[in-house]
Amino acid sequence: MKTGIGVGSVVLSAAAIGCGMLGGASGGGGNVQNAEEKKDVATLKKICADAEPGVDKYDACQAVKRLEGASLADTAASADCGALAASLDSGHVTITQAEPLAKIGAKLISCGRADAVFEKIAPAGDYGDGGIGLGALLKMEDSGVPLVKAFVEYAGKTAGPRLLGFAATAHSNSGDVAANHIGLWLSQRKHYDHCQPLAAAFRDAGEDAKAGMLIYFADGHCKEAIPLAVDLLASDKAIHRRIACANLGVFGDHSVLPKLQIVADTDSAFEIVHLNKVYYVRDSCRAASGKIQLRGR
998 MKTGIGVGSV
1008 VLSAAAIGCG
1018 MLGGASGGGG
1028 NVQNAEEKKD
1038 VATLKKICAD
1048 AEPGVDKYDA
1058 CQAVKRLEGA
1068 SLADTAASAD
1078 CGALAASLDS
1088 GHVTITQAEP
1098 LAKIGAKLIS
1108 CGRADAVFEK
1118 IAPAGDYGDG
1128 GIGLGALLKM
1138 EDSGVPLVKA
1148 FVEYAGKTAG
1158 PRLLGFAATA
1168 HSNSGDVAAN
1178 HIGLWLSQRK
1188 HYDHCQPLAA
1198 AFRDAGEDAK
1208 AGMLIYFADG
1218 HCKEAIPLAV
1228 DLLASDKAIH
1238 RRIACANLGV
1248 FGDHSVLPKL
1258 QIVADTDSAF
1268 EIVHLNKVYY
1278 VRDSCRAASG
1288 KIQLRGR
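Using the numbering used here, read the sequence shown as starting at 998 and increasing by one per residue.
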């Protein structure tokens, strides 16, 4: 699943924070690879602007984005924080690695712009363990950035439908991916002692944000978050109902059994497997119900 903000990338504007061009024009003769190796942005920009549509033009434009993205990360420590935050999602620069994103994120945390980190950097890349945003969060924490404190404070202040920027974004799944990356980070680092305030913060969050964070709440056996999963049982999205059932199987209790049973008996979502209908949400809820009953009270 992609975030919709580039192909596995975060896009930022170097121009918005006053970064100049990297290197001078070298008259590289249109050799895109050679110009990029020399960090000759002037030549690359000329090819990008003037060349006929084709591979060279596309490659030159992408090379400009990569080089300006690297420059943006390298100068993040001395950049104006407001302008740096404003540059996120501009489309002018591409960053496809976690380390430069972590540098930008560290600067933003240091000047109180946690919102930009968790709403714009966290959702970068693919859903799951390979996501660039997840890698950036892990690297930030490894470098000593007080990221857990920043997230708990951010979530508490932003609690509600706009948490993780979901309501404000044009990308329908960005809250989902951001929450998934954040949940994986918190779970991998076993920050389960923050379960209660985070469950309260996500109580009225958007469905996608709740679904993405369930991995953290389930892994931490956070009983305070059970109502979030129960909410998703009534989602219009089959994937959310399936996620809710699967996670309730991990941390749910007997109080959720009646609603699990309703979904297990009535859910209409199916897929065709070897010419047979497979009601995957029903199956997930039945499995969850069985796990809870086997655990006992």
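Glycine residues also receive a C-beta, built at the ideal position from the N, C-alpha and C atoms.
query: Take T1166 and list the residues in its own chain whose beta-carbon comes closer than 6 Å to its own, dropping the five residues that flank it on each side.; result: Confidence at T1166 is low in this model, with a pLDDT of 44, below 50, so its placement is unreliable and no value can be given for it.
query: Tell me whether E1306 is buried or exposed, calling it buried when 16 or more other Cβ atoms sit within 10 Å of its Cβ.; result: The requested residue 1306 does not occur in the structure, where the chain is confined to residues 998 to 1294.
query: May I ask you to report which of helix, strand or coil DSSP gives E1049?; result: coil
query: Could you give the distance in angstroms between the alpha-carbon of C1219 and the alpha-carbon of G1051?; result: 53 Å
query: How is the alpha helix (DSSP H) around V1270 delimited, first residue to last?; result: Not the alpha helix (DSSP H): V1270 falls in the beta strand (DSSP E), residues E1268 to V1270.
query: When DSSP labels each residue in this structure, what does N1028 get in the three-state scheme?; result: coil
query: Taking contact to mean 3 or more Cβ pairs, one atom from each stretch, closer than 8 Å, check whether the stretch 1071-1085 and the stretch 1056-1063 are in contact.; result: no
query: Can you give the beta carbon distance from H1178 to G1128, rounded, assuming they're within the 8 Å contact cut?; result: 5 Å
query: Measuring alpha carbon to alpha carbon, tell me which residue in Y1189, H1188, S1140 and F1199 is nearest Y1151.; result: F1199
query: Measuring alpha carbon to alpha carbon, tell me which of Q1185, S1281 and A1080 ends up nearest D1139.; result: Q1185
query: Looking at C-alpha atoms only, which residue of Y1124, L1183 and D1262 is the closest neighbour of S1286?; result: D1262
query: Given this structure, state the Cα-to-Cα distance separating D1216 from A1243, to the nearest angstrom.; result: 12 Å
query: Hey, could you find the ends of the alpha helix (DSSP H) K1288 is sitting in?; result: Y1277 to R1292
query: Which one or two residues does DSSP pair with N1273 in a beta bridge?; result: V1270
query: Rounded to a whole number of angstroms, what is the C-alpha to C-alpha distance between E1096 and A1121?; result: 12 Å
query: Indicate whether I1101 and L1081 have their beta-carbon atoms separated by less than 8 Å.; result: yes
query: Residues in its own chain within less than 7 Å of Y1213 by CB, not counting five upstream and five downstream?; result: G1180, L1183 and S1184
query: Am I right that G1209 and D1264 are in contact with their C-beta atoms under 8 Å? What's the rounded C-beta distance?; result: About 21 Å; that fails the 8 Å criterion.
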